[in-house]
Every structure is written in structure tokens, then in C-alpha cells.
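**Student:**
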Amino acid sequence: MGQPVTVRLFSQQPVTAASVSGRPAGTRTYEPPWDLRIEGYEPVSLPFPLLVRQTGGSLQFVVKLPVEAYVEGVLAGEMGGERGAAALQAVAVAARSYAGRFRGRHRDDGYDFCDTTHCQDYRAVRGAPDLAEAVEQTASERLWYQGQAAAGYYAQSCGGHTEAAANVWPDQAAPYLRARPDPHCPRLAWRAEIPREKLDQAMRSAGLQLGSGPLSVAGRSPSGRVSRLRGSGGKVIAESSFRFAIGRELGWNLLRSALYELEDSGSVIVARGQGAGHGVGLCQAGAAEMSRRGSSYREILAHYFPGATVGVNARGFPWQKFGGERFDLYTTTPQRDQVLLERAERLAAALEAKTGLRLKGRPALRVYPTVAAFRDGTGEPGWVAASVRGSTIRLQPGDTAAAALRHELAHLLVESHAHPGLPLWFREGYVLYLAGQRPGAIGPPPGDAAFRRGSAEELRAVYRRAAGAVNAIATRHGAAALRQALATGKLPD
Ligand SMILES: [Zn+2]
Ligand SMILES: [Zn+2]
Numbered sequence: 340m341g342q343p344v345t346v347r348l349f350s351q352q353p354v355t356a357a358s359v360s361g362r363p364a365g366t367r368t369y370e371p372p373w374d375l376r377i378e379g380y381e382p383v384s385l386p387f388p389l390l391v392r393q394t395g396g397s398l399q400f401v402v403k404l405p406v407e408a409y410v411e412g413v414l415a416g417e418m419g420g421e422r423g424a425a426a427l428q429a430v431a432v433a434a435r436s437y438a439g440r441f442r443g444r445h446r447d448d449g450y451d452f453c454d455t456t457h458c459q460d461y462r463a464v465r466g467a468p469d470l471a472e473a474v475e476q477t478a479s480e481r482l483w484y485q486g487q488a489a490a491g492y493y494a495q496s497c498g499g500h501t502e503a504a505a506n507v508w509p510d511q512a513a514p515y516l517r518a519r520p521d522p523h524c525p526r527l528a529w530r531a532e533i534p535r536e537k538l539d540q541a542m543r544s545a546g547l548q549l550g551s552g553p554l555s556v557a558g559r560s561p562s563g564r565v566s567r568l569r570g571s572g573g574k575v576i577a578e579s580s581f582r583f584a585i586g587r588e589l590g591w592n593l594l595r596s597a598l599y600e601l602e603d604s605g606s607v608i609v610a611r612g613q614g615a616g617h618g619v620g621l622c623q624a625g626a627a628e629m630s631r632r633g634s635s636y637r638e639i640l641a642h643y644f645p646g647a648t649v650g651v652n653a654r655g656f657p658w659q660k661f662g663g664e665r666f667d668l669y670t671t672t673p674q675r676d677q678v679l680l681e682r683a684e685r686l687a688a689a690l691e692a693k694t695g696l697r698l699k700g701r702p703a704l705r706v707y708p709t710v711a712a713f714r715d716g717t718g719e720p721g722w723v724a725a726s727v728r729g730s731t732i733r734l735q736p737g738d739t740a741a742a743a744l745r746h747e748l749a750h751l752l753v754e755s756h757a758h759p760g761l762p763l764w765f766r767e768g769y770v771l772y773l774a775g776q777r778p779g780a781i782g783p784p785p786g787d788a789a790f791r792r793g794s795a796e797e798l799r800a801v802y803r804r805a806a807g808a809v810n811a812i813a814t815r816h817g818a819a820a821l822r823q824a825l826a827t828g829k830l831p832d
């Protein structure tokens, strides 16, 4: 799944008017940067292409983004409140697995996923450091079962016992999605009162016939969830139809799960229940509790998806971490990649000697097992050999990684010392200069926007022009002028 995913924003709200970057939105693709403004909502801005379609009287907004960025937005939507690092990491793996398995479920509507809990609750925000961290720590990892991509279902609270997929979506039945007691679950007890006339109204609206006699439970799944209800005259209906009808008419927060007892006094029906959501797969409340008690995300996933493996590919290779003197290495193939640690130390020392700058913190190297996993994990096209996010250098496997390492180290060094006011061409050009890469002919330096789009060919030319401009400064004013500009943000004339 090396391709980006398409996610529809504002899936639930009919939108008839909006502006993108200050102009009325119409059918077209907007390249970043853009900001989307709809009256009554916070403005949205993401560094990815936005597709707008006018269909009938309303507007549809679809953003095209790398899977990893999607997972970060899903964490923002699904993991509110208190959240331990391991719980976030576990849900990141589950959400990524869900994305891989169900990509294209809205294909007929023209996108992969909606932004509601029908698919996964996606929030178009970025920047919460603990969410980005959880995504990075589990980069590209998904759930697998016997060599096949597994479905990473999760729900808010299982109420003390998870549910088998077989009882909710028979076509998704799987051994790793079976019902199990959840000793970690805080359970979440609730109580709902439904006046008889409101219940009758909801049944009528949904076209369900229950009769007017007392309502009782007619069947439960092995996890204890109600599966069927009986009305007067022996009429039996599926609990899922009943709960859906109640939810649509009276609100989704009334019957929060199918795990409840019923009491019918005639004028009012009282349900006493536990948990929230379908209960299949990972229990978010239980995962948060396990996280608090010190479990790792792998332990959490093993508990909720018994028999499934976690890894970046079907063979379930996990990330392994190796600590060097100044760097950490994450890899799935240590015997191949461990040499990079030593090489990074050596290259960093050489760059520091050349610039007089010191690399800050403890950077990480992450080597992806395949080009597809790299594309998927970073959102970069396949021809980009490496990229930097935060203090992590992300590399494709093989020889290209080794060649790209010096360039990315130069990036880390420059970016951690660069004055915020400096134009992109200076920072990128300085990186190329330090990495000893071939500069282009001397000419006017490219603007920031030139770095954001274009073919591989065009972008290489942009970078060469940037390097040419930086080389010209070094030739005219000396290398010390570059260091000074980096620190002060003032470029020599
Ligand atoms: Zn959906
Ligand atoms: Zn639970």
C-alpha cells in the first residue's frame, strides 16, 4: 500500500459554500499551501493536495495524504483525553492496519475513507507531539495474520469482554478477532431511559415491528451482548437494527453498546449497560489502562489481537533498535544496516569539523525494509532516497541509503541551527554545499514555492540552483559568511 489515501473532509455536513485560500471553492485540485474556510468551522490547512468537487448543490472536499499522516489524524480524532504512549502506539498500528485492509471502501463515492467513525474518525490537524511520536515509533507497522493483512478493529470500551467479529460483521470473522474477557477494562457503566412512545416512534421511523407488548432480550452472543430482542406476539428483531433505529431517532449516546440488561415497566424502558462501541478488537479504554500499568504497545496488541503479528511486512519483521555512540538505529535487518551507525558517526564528525556546528540531541536513523514501505512511511516519492522528520533520518534500503546519509546529516545540522527567517534556498543550498554535491550555474536563487512541486527532473534543477547561489556566497565572502548567515538570518549582499 505505497499509495497515498484519499479522505473526505466534512463527510457529515452538507457544505454549499466555502473558500480556498481566499477565493470561492470550485471543482479543481489545490496544491499546498492552501487554507479551506467554511462558515461555522475552524479553518483547515494541510500540506497535501486538496480535491474539491461540486456535486449537485454541494461541495465535496477530499484530501490526498500519505498513510502515516492519515494515521496521525485518526489518532487525533479517536484518542481524546488521557492517553498513554503505548496505547497511542497500539492504536496507531491498529488504525494503519485498518487503513491498509479497507482502503477504497468509499471507492464508488470517489475517495477511500470518510472522516467519521463509519471509517475512522479523522481530524485534519497536525502538530500534537505525542501523536506524531506514536506514529513515528511504529512507522509502517501493521497487524498480520498468517501472512495476510489483518483488520485492526478497535472500539472505545469493551465493557469487560470483547466481542467476536463473527457476531457483528459475519464476513469479517477471524481467529484474531474472537471474543475474550478484558481484565484491564475500566468497563464504563451507563444507564438509558427510553419512554415507550419515543421507542414506538423510533421503531415506526425505521419500519420495524415490535408490537406494543413488553420488550425483552431474546438472545445474547457468547460475550454477553444482546443479539435479538422480542416484542409482543413473539416478534423478534436483531438488536443491531433496534440500536440503529434508537440511535438515529434519539441520539447515538443512549444505547452505547449491545452489552446491557433491559427492564420494561410499560411506560418506560430502562437499559443498564457497560462499554461503548462494537467491542471488536482493541479496547481503547483497556489499552490506556495497560499503558498506565507499563505494558508495551506490542503487549497491548498481543492481548487484543491474539495470534496476529506486528511488523512492517507480511512476515512480521518488527523494528529493532540499536544504540550507537550518538545515534539510534531502527531497522528490520540488523545484519545489513548496523554498518550505518558507524558510518553516521564518522560522517557527522566530519561535518561538524567542517562547520564548527554541533549536532544536537540524539538523532535516529530508520531504514525501511522496502522502497514501498519507505514511500508509505514517509509520503516521499520513490526517487527520493531519504528524508528527515524531526530528528529522525528516514532511509530507503540499500546503497542509496549510504549515499544519502551525508546529505541528510547535513540537513539535521543545518536545520537545527538555522535562523527561522532564512529562505529555503539558502538552507537547502547550504546542505548541498556541505554534502559536497554538484552546484548548478549561478543565477537568481529559487523561491520557497519552487521546492514544493515539480517532476524529479525539475526539482533537481531547483536544488542545483540553490546550491549554486550558496556556492557563490562562499566564493565571494568565504565559508565563514555562510555560518554567520545561518546563525543571524542575514545574507551578505
Ligand atoms: Zn466511511
Ligand atoms: Zn475493555
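Numbering (the numbering used here), first residue to last: 340 to 832.
The beta carbon of each residue, even a glycine, is placed where N, CA and C say it ideally should be.
#1: Taking buried to mean at least 16 other C-beta atoms within 10 Å of its own C-beta, is arginine 595 buried or exposed?
#2: Identify whether glycine 590 lies in helix, strand or coil by the three-state DSSP scheme.
#3: Ignore the nearest five residues each way along the sequence and tell me which others in arginine 745's own chain have a CB closer than 7 angstroms to its CB.
#4: Quick check on isoleucine 533: buried or exposed, where buried means 16 or more other Cβ atoms within 10 Å of its Cβ?
#5: Just the residues with CB closer than 5 angstroms to a heavy atom of ligand 3, in chain order, which are they?
#6: Examine the Cβ distances between the segment 378–393 and the segment 427–446 and report whether three or more of them are shorter than 8 angstroms.
#7: Are there any heavy atoms of ligand 2 lying less than 6 angstroms away from the beta-carbon of aspartate 447, as far as the coordinates show?
#8: By DSSP's criteria, histidine 500 is part of a beta bridge. Which residues make up the other side?
#9: Which residue's Cα is closest to the Cα of proline 784: Leu830, Ala438, Leu751?
#10: Since proline 386 contacts proline 363 with CB under 8 angstroms, what's their CB separation in whole angstroms?
#11: Check each residue's C-beta against every heavy atom of ligand 2 and list, in chain order, those closer than 6 angstroms.
#12: Using 8 angstroms as the cut-off, can you tell me whether the segment 491–509 makes contact with the segment 696–706, which would need three or more C-beta pairs spanning the two stretches below that distance?
#13: List the DSSP bridge partners of glutamine 393.
#14: Rounding to the nearest angstrom, what Cα-Cα distance links arginine 791 and glycine 633 in this structure?
#15: Between the Cα of valine 391 and those of Ala518, Glu407, Asp374, spot the shortest distance and give me the residue it belongs to.
#16: What do you get for glutamine 356, buried or exposed, if any count of 16 or more other CB atoms within 10 angstroms of its CB means buried?
#17: Please list, in chain order, all residues of the same chain as glutamine 428 whose beta carbon is under 7 angstroms from its beta carbon, the five residues on each side excluded.
#18: The beta strand (DSSP E) that contains glutamine 613, what's its start and end?
#19: Could you give the residue range of the alpha helix (DSSP H) that holds phenylalanine 713?
#20: From Gln823, Glu417, Gly572, Arg564, pick the residue whose C-alpha is nearest to that of glycine 552; which is it?
#21: Taking the straight line between their C-alpha atoms, what separation do you get for asparagine 861 and alanine 688?
#22: Please name the residue, chosen from Thr501, Ile585, Cys497, Glu502, that lies closest to aspartate 539 on a Cα-to-Cα basis.
#23: How should glycine 620 be labelled, buried or exposed, when 16 other C-beta atoms within 10 angstroms of its C-beta is the threshold for buried?
#24: Considering only their Cβ atoms, is the gap separating glycine 498 from glutamine 613 smaller than 7 angstroms?
#25: Under DSSP, the beta strand (DSSP E) around valine 336 begins and ends at which residues?
#26: Decide if tryptophan 658 is buried, meaning its Cβ has at least 16 other Cβ atoms within 10 Å, or exposed.
#27: By the DSSP assignment, the beta strand (DSSP E) with glutamine 659 in it spans what residues?
#28: In this structure, does DSSP put lysine 699 in helix, strand or coil?
#29: Taking buried to mean at least 16 other C-beta atoms within 10 Å of its own C-beta, is histidine 758 buried or exposed?
#30: Rank Pro708, Gly729, Thr709, Arg733 by C-alpha distance to the C-alpha of threonine 319 and give the top, closest one.
**Tutor:** Working from what's here:
#1: buried
#2: coil
#3: Leu686, Ala774
#4: Answer is buried; the Cβ neighbour count reaches 16.
#5: In the structure shown, ligand 3 is absent; the only ligands present are ligand 1 and ligand 2.
#6: no
#7: no
#8: Pro520
#9: Leu830
#10: Incorrect: roughly 23 angstroms between the Cβ atoms, too far for contact.
#11: Chain-ordered list of matching residues: Ser496, Cys497, Asp521, Cys524, Cys622, Ala624, Gly625.
#12: no
#13: Leu398
#14: Approximately 42 angstroms between the Cα atoms of the pair.
#15: Asp374
#16: The displayed chain sequence assigns alanine, not glutamine, to residue 356. When all chains shown are included, alanine 356 counts as exposed.
#17: Ala473, Gln476, Thr477, Tyr636
#18: 607–613
#19: Here the alpha helix (DSSP H) through phenylalanine 713 covers 710–717.
#20: Of the candidates Gln823, Glu417, Gly572, Arg564, Gly572 places its Cα closest to the Cα of glycine 552.
#21: With the chain covering 340 to 832 only, the question about residue 861 has no answer from this structure.
#22: Ile585
#23: buried
#24: yes
#25: The question about residue 336 has no answer, for the chain in this structure spans 340 to 832.
#26: Counting Cβ neighbours within 10 Å, tryptophan 658 comes out buried, since at least 16 surround it.
#27: 659–662
#28: Under the three-state reduction of DSSP output, lysine 699 falls in the coil class, being neither helix nor strand.
#29: exposed
#30: A query on residue 319 cannot be resolved here, the shown segment of the chain reaching from 340 to 832 and no further.
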